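Residue numbers (the numbering used here): 119 to 254. Glycine included, every Cβ here is placed at the ideal spot set by N, Cα and C. What you are looking at is a predicted structure, and each value in this text was computed from that prediction instead of being measured. Below is one structure, written out as structure tokens; the observations come after it.
Take a look at the structure:
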């Protein structure tokens, strides 16, 4: 189900709780909402649609990928970036890493570990910030 985008910075500033299999229904809402906003959005965290759970969805170009309880375990090559967000107005400067390694569970709650770089890494970092209550 497509959910409304949360713009309440107080809510978005709260750290998300770990997700469990009981939260699997959130994945469909997150994917539906990301797809609905695909012309203006390339990633989304569950708190952006009202769920304070550590789940993100990232557009990988041809498919939207879900990460449950993602943790960035390696970072390399810091750079300056400017980002926008559906939950906020305008763009803001931030720092990101060119290469990251992420441990997460897929949408079937199977453990994964994967490296990402460039634009995809930037999107993941933005969404992981969201689940930690960091709003750019």
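Under 9 Å between C-beta atoms of residue i and residue j
{"i": "residue 245", "j": "residue 175", "result": "yes"}
{"i": "residue 187", "j": "residue 137", "result": "yes"}
{"i": "residue 167", "j": "residue 212", "result": "no"}
{"i": "residue 125", "j": "residue 206", "result": "yes"}
Classification of residue i by the beta-carbon crowding that lies within 10 angstroms, buried from 16 upward
{"i": "residue 180", "result": "exposed"}
{"i": "residue 130", "result": "buried"}
{"i": "residue 169", "result": "buried"}
{"i": "residue 243", "result": "buried"}
{"i": "residue 132", "result": "exposed"}
{"i": "residue 220", "result": "buried"}
Residues near residue i by beta carbon distance below 8 Å, same chain, minus five either side
{"i": "residue 240", "result": "199, 201 and 214"}
{"i": "residue 208", "result": "202"}
{"i": "residue 172", "result": "134, 135, 136, 137, 164, 186, 187, 188 and 249"}
{"i": "residue 152", "result": "159, 161, 162, 175, 177 and 182"}
{"i": "residue 149", "result": "175, 182 and 184"}
{"i": "residue 195", "result": "215, 216 and 217"}
{"i": "residue 197", "result": "213, 214, 215 and 216"}
Terminal residues of the beta strand (DSSP E) in which residue i lies
{"i": "residue 169", "result": "Neither: residue 169 is in no beta strand (DSSP E) and is coded neither H nor E."}
{"i": "residue 219", "result": "209 to 223"}
{"i": "residue 196", "result": "182 to 202"}
Cβ of residue i within 9 Å of any chain D Cβ
{"i": "residue 122", "result": "In the structure shown, chain D cannot be found, because there is only a single protein chain."}
Cβ shell of residue i (< 6 Å), same chain only, five flanking positions each side left out
{"i": "residue 163", "result": "174, 245, 248 and 249"}
{"i": "residue 218", "result": "190, 193, 234 and 239"}
{"i": "residue 230", "result": "222 and 224"}
The alpha helix (DSSP H) enclosing residue i, as first and last residue numbers
{"i": "residue 256", "result": "Residue 256 is absent from the structure shown; the chain starts at 119 and stops at 254."}
{"i": "residue 129", "result": "127 to 130"}
{"i": "residue 245", "result": "236 to 249"}
Residues near residue i by beta carbon distance below 7 Å, same chain, minus five either side
{"i": "residue 119", "result": "147 and 150"}
{"i": "residue 227", "result": "139 and 186"}
{"i": "residue 155", "result": "204"}
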